[in-house]
Every structure is written in C-alpha cells, then in structure tokens.
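Residue numbers (my numbering), protein chains in the order written: chain A, 1 to 536; chain B, 1001 to 1279. Ideal Cβ positions, reconstructed from N, Cα and C, are used throughout, including at glycine.
Put into structure tokens, the structure is as follows:
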C-alpha cells in the first residue's frame, strides 16, 4: 500500500505519475472432520484489493477497490461484497496540505488516535472526511481533521474530530539548533460524537481524550514518554457484570521507553500502564472494528509458527507491564565471537492486572496509578543467538519461555495459565550464487492446553524467481490421542520483477479469536491456496 | 493570511476541548413507549458461550420495563452451541435444530461471534443485521417509540391437547394500512426455562449445571422462512392455521408460539406477537 506522506515530490511538476499495487488471495476449502474443518458452502473464498495512485506535482489522488466474495475464513464475515472503499484527493500549497476523502494518520504513537490498515489481519479503520496539515514554521507541524470511520463497506455511527501539534524544539528555536540534546514535544486531542439512542441509560454523546508526549534524543540515548486521558466512555468493551452497559470511569495510560545504541550494542527498556483506555468511535463495537486508539502490546513480535500459538493481546481495560531488550554483537575473533562474530539478543516482557478497588457506583472501580494487581497476564523470556558458522551457513538458535494466562488474554475461562518452552534452530545455507536453502526445527513443550508440538520446515530458493517450501506441524504430545494430528503444508512461488504468485496446499490448525468480550472461532482448514501480488 | 490560518487552528482546538461532557445522571427519566408496537430480539447464543449470559441478563432487565412488548427468542446455533459427545459429563445437550441452524447460517450471526443478535431483523449502520447486545435496547427503542399506526396486528389462538401433545394454532393477521410489498408470516415454537449446563464467565466456577435457559427456539411451524400473506389491503384479515406435535421432552406449560410478519425482500419484521401454548 502506497502511503502518501507530507513531503512534496521533488520532480518536474509537469509529469503525471500513476502507480499502484494489487493483491489477491483465494482458498479452495476441503471438508476435513479430523481437524474440525467446517463445510464451506461456497467452496472458494477470496480477498482481493487494488490501489491506484495519481501524482502530479503537489497534487495526489488515489483509490482502492476491495472484493471479498466471500471473505476468507478467519476474517470478519461483515466484509462481504465488493466496492471502492478508499478514495481521496490531496494537494499541498504554501506549507498547507489539504486532504479530502479517506486518509490514515496517527497522533504520536497512536494512543488516542491511530487510523491505519493491516489488510492481512482484517484491520482497516480509515477516516473519511477532511484533514489539514500545516507547517507554520520550521519544526512545527499542526494537524486537524474531522471525519467518520470506516466500518466494513459502510461508515460507523460516530463523528470524530481531532487536533494535534508537534514541535521539534531544535528546529523551531534558533538558539537550540546546535544543541546536542534534541527535544520534540507534542499533544493531541480527540473528540468523538455518537448519538445516545438508549431509552434507559444516559450515555455521554461527546467523549474527549487528550495525549501529551515528549521525545528526547542525545547522542546514543533516546527517551520517549506519552500519556493519554479519556473522559467518561461507557461501552461494550468496558462493561462489567454489575454494569453490563459500560462503566462511567475515565481512563488513562502512560507509555515510557528508553533506548541506548552503540556499534554492536543496543538496549531498550519500556514500560506501560493502561487503565480503561479502549477508545472507539462506536461504543457498541468490538474486535478490530472502529478503533480510535492503539495501545501496543510491548511484547516481542514472534515469527516462528509455534511461537504464535500463545500470542499476547493488549488488555485495553487495564494492564501494567514492562519490556527489556538487549542486543549485543560479539566481535569477530573474540572468545565468544568466534571466527565470524556472534550476535545475541535477549528480550524479557511481562504484563499484570492493575490494582483495582471496586466501587458501588457506575464508575465501576478505582485504580491506583501504576499499581500492579494480583494477576499475571503474561511473561516471556526470549534468547536468540545468531552465528555465521561458515562462509555458506548461518544459524539462529532461539529459546522462548512463555507464561500465558489464556483465560484473560483470550477472554475465556477454565483454561488457566500455560507454561511453555520453545526451542528453535534455523539455518540458512547458501549453496551457490543462485541456490539457497533455509530450514527450521521448532519444538514446543508444555503440560497444559494441547501439550507439545514439533515443527519442521525446509525452503529452497532458486534466485531470482522460484521458491519451494514444505513444512509440518505435529501435535505429537496431545493428551487426547485422537488430536495428535499432523498439519502439513507444501508451497511454491514464482517472482518476476514486481509480480509474484504463490500456490500452496495444506492443513491449518484451528484458533480462537476473542477480542473485547466477543469470541469468534477461526476454524481449521484444509485446502489449496493461491496468492498473487503485483505493483507498478 | 498566515495569521488567519493560525487563528483558525487555535479556535478549532479550543472548540474541541469544549466538545466533551461528563455525565452525572446515568438513567433516563421518561420511558413511555407505544403499547401497540412489539419488537422481537433474537439472542444468538450457545451453552459454551461464556460471554453470552451477560447479554441475556441485560436484555431481560430491559424486559422488566417493556414487558410483553419486548419479545425475546434465544437461537442456539454455531460453534458455541455444539454439544459434547454423549459420554461426556457435561454440555451434552443439543439445543440446535434445523431452524436455528438455517437462520444462523443465512444471517451469519455466529460467524461474526457470540453474543450477538438481531432486532426485528433490522439492518445496522454497518450494512449487516448483526447487533451487539449493548445496542439491542437502542434499536428496540426505535421500534417501540414509533407512534405511527402499526401496519398490522397479530392475534394467536392456541389449542393444545395434553394426551396427543398436538398443538393447533390459529394466527390472525389484520392489516391496518395498505401494504405494497410482499410479506411473509413466520411461526415459531419457543420453550422457556430449559434447565441445562451453561458457561458463564461472570461466575466462578464458570460451568453452571442448572442454568435456566430462557425462551429457546425449538422449531418452526411453517419452515424457516414462513408462508406468504395474501391479503395486504387496509381492513383485510388473514387466517393461517398450523399444527405441531410437541416433542416428548418439551414442557407444554413453558411453551409459547411466536408469530411475526416480515418484508420478504428486506427481511425486516413489521409486527410480532407471542402467546402461551397452555393458558
């Protein structure tokens, strides 16, 4: 997806440029009662989209067409149908950028406002309205917008208004231009309006939230802090047993992080505190629909398949946690570095409930600021060692220990906490200039849930066009013998220039997607898939 | 011009700060509704859906205010309604039936997730007919606070024979205004207070063995989508009669008939009525 940034293109203003990209994913589903794959009456489901962008000097326009006929399993089924879901025009004149139509944007790290898309996850909360961006002087950016939010092929019931200002002090203030310390401060305000049509409860129709932030850079050090506050916003997501229509308590959040980087070393420390900060433009929305605020999980983003079995999701109703990352490269020739150097990456993260005290009114509870509650939601240790064994072979060894409160993270009950150990060995072997092979061996050990899994993958690449891959996940340790199933998969793909096509056949294990008190079962599937991407 | 832009942006941000309100009174005072109008809420649920009892509790507290004008039907279908194998210690009961499964598949409710429901099968602002439980009261009030003339009125006359377990029901649909589209009549059998297992994440432990399942959709008397109503002019009266033999495990004293008239094209319900099988 081509994102339009503020900076004007430095090209001959008389040239007219058109660009775009396209992606199409389809799957043919076979019935498979052994893994619990459901019958898909349409047999074939597909998601597709295409973007077109036009540029002429300081003028930009574009549109996107999406088609879900019908959406792939695992996607919100309300995405059914086809249509133009994104269209905009923008121009920049005398430091003012005007956008009409759809736009994506965020204030700071997005705590009270982040409009973005992650199409493969089914996330798209694009705005539709008017946005202005103004740079009155060097180092100052002012943004204002008013709009409605996308909801599948329609628009949500809320109207969102926002304003954000950011000043880079060293750019804006002449006397600080040469200072070693560079400071950027910013603040954003969002107000959302949604009509109260409830005959019993009085909902606030206008809800305000604000978020100040600061970033400090000095040499090798970087420090960021962002605070968010939200006024009363009773909703489905913050509903409780006593107050099933939502609680009237205000919300707040604070994210802090610091980084130190030097050649061969990197250290990052981050901390988060969230108290009732789920923020949407529709008080009845859940899941990925109509979100306004974005609260990052502050846990390591896993890519190895078995490490995605127990993914953490931010508990927007309340959590407090910490993450630390250390990266170190042992030099070539040193004791631990070996002949070609060794890299080691350590990561630790955790999340806990917040310290809540119930109150006997519609506020629901009070919480101590940065108070840590009794319940552990998540804890993880990641150790990764990367080593070039020889001129042709590079190995990555990973160990992950995870403590996962499945009940809280997935909104369930009766599953308890899962303790798992994962070991992965990945190797990349360069056979010659055109051929390379990559392999992975993964093992997950746990005594809870589905017990242990093993996984193996081999991928062969023939530069520059072809790849072939085969992998299998095997739930060999499951207490229920019937569920000790293999999930094999074979795939191949061809890439030529900007075009890529991939075909695969295999079985995929089932999952449960629970967000905001509503659970959706993502069924297991067995079938053929095709994926085509292109850009110009 | 530059100063003007500054001024505009500053004014915009100040007005934003005033665009906020803190509520100090949480409940509405006046809830007068049109007693001629009734609304049907279909609660799509399952005995393993631990988040669902909260939705059910919330809609029954609304029924305390609206009484007979709020008709609730629980449709058990989808993933969370699947029973355990017969030899399992709990959750072996199968609440599903061909009607509930058809409705769930056609309207795509459980595929979105549970709890979720429909309100007079009206369409939501997102283009689907799926409503989250916190918005059921909002949508129902649009029907109940409509003081215009009700387009049709339904009366249900039930006659039940204990010995044969045969229920004969006569549905009379009186048309109050000229109707210019195609309308169908659907007739369902509902059983209240079915005691079985239910997961409830608001309780600890969450597995409840003796949960009272309210108003369960048991069967349709005229196929999932009903029969067309033929006479649609103001003053017309249509009579449809159906019969059904109650399953031996159904408790007749808890059963009722729910009948509704809906637009065959949009699927939206224009009037609904409920009457007990045994008086």
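Cα-Cα separation, residue i to residue j
i               : j               : result
residue 16(A)   : residue 104(A)  : 24 Å
residue 115(A)  : residue 291(A)  : 8 Å
residue 1267(B) : residue 1122(B) : 8 Å
residue 1208(B) : residue 1078(B) : 20 Å
residue 515(A)  : residue 1233(B) : Here residue 515(A) scores only 49 on pLDDT, less than 50, and its place in the model is too uncertain to base an answer on.
residue 42(A)   : residue 406(A)  : 33 Å
residue 308(A)  : residue 1203(B) : 30 Å
residue 46(A)   : residue 1173(B) : 44 Å
residue 336(A)  : residue 111(A)  : 41 Å
residue 327(A)  : residue 346(A)  : 6 Å
residue 480(A)  : residue 1059(B) : 39 Å
residue 203(A)  : residue 1103(B) : 32 Å
residue 463(A)  : residue 434(A)  : 5 Å
residue 171(A)  : residue 1046(B) : 60 Å
residue 320(A)  : residue 370(A)  : 7 Å
residue 9(A)    : residue 137(A)  : Per-residue confidence for residue 9(A) stands at a pLDDT of 48, beneath the threshold of 50, marking its modelled position as unreliable; the derived number appears in the next sentence. Answer to the nearest angstrom: the Cα atoms are 20 Å apart.
residue 301(A)  : residue 535(A)  : 27 Å
Cutoff 7 Å: residue i Cβ touching any chain A Cβ
i               : result
residue 1275(B) : no
residue 1126(B) : yes
residue 1112(B) : yes
residue 1138(B) : yes
residue 1031(B) : yes
residue 1092(B) : no
residue 1201(B) : yes
residue 1054(B) : yes
residue 1249(B) : no
Beta carbon proximity, residue i to chain B, threshold 7 Å
i              : result
residue 204(A) : yes
residue 5(A)   : Its pLDDT being 41, under 50, residue 5(A) is placed unreliably in this model, and the coordinates cannot settle the point.
residue 464(A) : no
residue 414(A) : yes
residue 157(A) : yes
residue 319(A) : no
residue 67(A)  : no
Short Cβ contact (7 Å threshold) for residue i with residue j
i               : j               : result
residue 325(A)  : residue 286(A)  : no
residue 1044(B) : residue 1075(B) : yes
residue 158(A)  : residue 282(A)  : yes
residue 1108(B) : residue 77(A)   : yes
residue 107(A)  : residue 188(A)  : yes
residue 162(A)  : residue 88(A)   : no
residue 1261(B) : residue 1152(B) : yes
residue 209(A)  : residue 190(A)  : yes
residue 229(A)  : residue 212(A)  : no
residue 248(A)  : residue 221(A)  : no
residue 200(A)  : residue 166(A)  : no
residue 377(A)  : residue 424(A)  : no
residue 51(A)   : residue 21(A)   : yes
residue 101(A)  : residue 127(A)  : no
residue 351(A)  : residue 275(A)  : no
residue 318(A)  : residue 354(A)  : yes
Beta-ladder partner(s) of residue i, from DSSP
i               : result
residue 1153(B) : 1174(B)
residue 453(A)  : 444(A)
residue 1195(B) : 1212(B)
residue 1180(B) : Answer by DSSP bridge pairing: none, since residue 1180(B) is not bridged.
residue 421(A)  : 401(A), 445(A)
residue 1130(B) : Residue 1130(B) pairs with nothing; no bridge assigned.
residue 182(A)  : 217(A)
residue 428(A)  : 394(A), 438(A)
Listed by chain order, chain A residues near residue i by CB distance under 8 Å
i               : result
residue 1058(B) : 244, 245
Closer than 9 Å at the beta carbon, the chain B residues around residue i
i             : result
residue 47(A) : Within chain B, no residue comes near residue 47(A); the closest Cβ sits about 15 Å away, beyond 9 Å.
residue 76(A) : 1111, 1112, 1113
Chain-ordered chain B contacts of residue i [CB-CB under 8 Å]
i             : result
residue 97(A) : Result: empty, since nearest Cβ-Cβ is about 12 Å, beyond 8 Å.
Under 7 Å from the C-beta of residue i: neighbouring residues of chain B
i              : result
residue 286(A) : 1132
residue 232(A) : 1022, 1023
Beta-carbon neighbours of residue i, restricted to chain E and to distances below 9 Å
i               : result
residue 1062(B) : Given the protein chain composition of this structure (A and B), no chain E is represented.
Residue i: contacting residues in chain A (beta-carbon distance under 9 Å)
i               : result
residue 1096(B) : Within chain A, no residue comes near residue 1096(B); the closest Cβ sits about 14 Å away, beyond 9 Å.
residue 1067(B) : Ordered by position in chain A, no residue passes the 9 Å Cβ test against residue 1067(B), which lies about 14 Å from the chain.
Listed by chain order, chain A residues near residue i by CB distance under 7 Å
i               : result
residue 1135(B) : 284
residue 1206(B) : 413, 414
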